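Below is one structure, written out as structure tokens, with a few remarks after it.
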Ligand code: FAD
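Numbering (my numbering), first residue to last: 10 to 319.
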């Protein structure tokens with residue numbers, strides 16, 4: 010087992026982004042910094058709410074996380090805004106960003122154009138995803154790219170980008186079983202994926218078990234746990250619907266107890282996520298990604314609770 014797990018000498022380091030790390034490749038940043046805490050934001054879906062969503066994403070950037078990821082709307086619906094927000098965060102706040110990119114319904118020319126635009130915007134990192142089948146897509150949305158590994162290979166050929174990918178500690182919803190899912194994941198890494206970020210999970214033992222199995226399969230790139238602070242019961246319902254993730258009784262009781270009181274639920278959700286992160290760091294995990302969803306209050310709550318640890 011390498012890098013990301015169970016190092017007894019877990020050195021404590023400030024995670025804040027130093028100026029010289031601005032716009033750097035994430036594989037370098039991850040190997041250089043002892044501990045990283047990164048935040049995810051989403052871009053505006055429509056022009057009408059562009060400024061409000063941009064301001065929310067920027068307020069997360071003001072917290073100076075190690076890096077930030079910017080999601081890509083289903084079927085490419087936010088292509089331009091993903092890039093604009095990622096560039097804006099880098100240029101305005103000096104926080105390195107990674108832009109998500111999906112290949113569902115995409116053409117080879119469209120993907121190459123996106124990569125050219127990313128490079129021109131100074132984005133050095135891309136999270137290469139297949140994406141989900143759009144509801145109203147006519148034809149085969151996976152005709153040009155069947156799996157994310159094919160997109161990874163395309164980006165590798167394009168060159169000059171650090172490529173990340175997604176992984177699923179509880180198995181991807183479409184996969185036959187977790188063993189096959191990990192074999193498929195290995196193909197993605199072999200195609201050129203340099204690190205992986207996980208789907209959310211609420212029981213750290215699921216992550217530790219997954220990490221052992223991933224390492225046994227010969228996957229040796231960093232695996233970054235994705236932590237989702239649940240601040241409203243509906244988020245948990247959506248997470249379960251989307252990913253089929255397991256909800257431990259301990260967390261279910263918390264949501265049942267505080268779910269009808271928004272302030273109490275937000276506080277409990279931040280504390281539960283922070284507790285997960287502390288356990289991960291205590292067990293040698295060096296890099297943590299938080300699904301902060303443009304909520305700077307939640308991101309700050311987690312960051313403040315870890316101020317003596319990071
Ligand atoms: P893949 O790696 O291609 O896997 C998809 C399925 O195909 C899996 O079941 C896998 O086992 C199987 N598979 C892979 N390779 C093979 C093969 N060679 N043969 C047979 N089967 C194979 N969605 C968005 O639309 N926008 C986002 O910004 C976004 N960000 C995400 C970030 C993270 C960290 C995660 C975990 C997910 C994100 N998603 C996003 C969701 C993602 O697009 C969906 O989960 C999608 O269904 C799978 O994408 P993937 O890249 O993991 O696909």
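Even glycine gets a Cβ: it sits at the ideal position worked out from N, Cα and C. For clarity, every value in this text was computed on a predicted model and none was experimentally measured.
Please list the terminal residues of the continuous alpha helix (DSSP H) segment that includes residue i.
| i | result |
| --- | --- |
| residue 91 | 88-102 |
| residue 306 | 305-314 |
| residue 193 | 187-199 |
| residue 220 | 213-225 |
| residue 239 | Per DSSP, residue 239 belongs to no alpha helix (DSSP H) and is neither H nor E. |
| residue 278 | 271-291 |
| residue 159 | 157-167 |
| residue 267 | 258-267 |
Where does residue i land, buried or exposed, given buried means 16+ other C-beta within 10 angstroms?
| i | result |
| --- | --- |
| residue 149 | exposed |
| residue 192 | exposed |
| residue 312 | buried |
| residue 274 | buried |
| residue 235 | buried |
| residue 155 | exposed |
| residue 131 | exposed |
| residue 299 | buried |
| residue 96 | buried |
| residue 146 | exposed |
| residue 173 | buried |
| residue 214 | exposed |
| residue 111 | buried |
| residue 238 | buried |
| residue 74 | buried |
| residue 320 | Shown here, the chain extends from 10 to 319; a query on residue 320 therefore has no answer. |
| residue 249 | exposed |
| residue 247 | exposed |
| residue 270 | exposed |
| residue 183 | exposed |
| residue 170 | buried |
| residue 88 | buried |
| residue 208 | buried |
| residue 127 | buried |
| residue 134 | buried |
| residue 105 | buried |
What first and last residue would you give for the beta strand (DSSP E) that runs through residue i?
| i | result |
| --- | --- |
| residue 45 | 45-50 |
| residue 245 | That residue, residue 245, is in no beta strand (DSSP E); its alpha helix (DSSP H) goes 242-252. |
| residue 110 | 106-111 |
| residue 173 | 171-176 |
| residue 204 | 204-207 |
| residue 325 | Outside the shown range of the chain (10 to 319) lies residue 325, about which nothing can therefore be said. |
When the cut-off is 8 Å and only beta carbons count, does residue i lie next to chain B?
| i | result |
| --- | --- |
| residue 83 | Absence of chain B from the displayed structure is noted, only one protein chain being present. |
The stretch 167-179 touching the stretch 250-268, judged by at least three CB pairs closer than 8 Å: Because the criterion of three Cβ pairs below 8 Å is met, the stretch 167-179 and the stretch 250-268 touch.
Which whole runs of the beta strand (DSSP E) in the stretch 34-84 are 3 residues long or more, in chain order? Within the stretch 34-84, the complete beta strand (DSSP E) runs of at least 3 residues are 45-50, 77-79.
Which runs of the beta strand (DSSP E) at least 3 residues long sit entirely within the stretch 123-150? Give them in chain order. Annotation: the stretch 123-150 contains the following complete segments of the beta strand (DSSP E) (minimum length 3 residues), in chain order: 134-138.
Count the C-beta pairs between the stretch 199-210 and the stretch 221-234 that are closer than 8 Å, then say yes if the count reaches three, no if not. Three or more beta-carbon pairs drawn from the stretch 199-210 and the stretch 221-234 are found closer than 8 Å, and the two stretches are therefore classed as touching.
Could you check whether the stretch 52-68 touches the stretch 290-307, counting it as contact only if at least three pairs of C-beta atoms, one from each stretch, sit closer than 8 Å? As far as the Cβ criterion goes, the stretch 52-68 touches the stretch 290-307, which means the pair count is three or higher.
Would you call the stretch 79-89 in contact with the stretch 50-61, where contact means no fewer than 3 C-beta pairs closer than 8 Å? Put simply, the stretch 79-89 touches the stretch 50-61. At least three CB pairs are less than 8 Å apart.
With contact counted as at least three CB pairs below 8 Å, one residue from each stretch, are the stretch 267-285 and the stretch 219-227 in contact? Touching, no.
Three-pair Cβ contact test at 8 Å for the stretch 33-47 versus the stretch 261-278: At 8 Å Cβ cutoff, the stretches do not touch.
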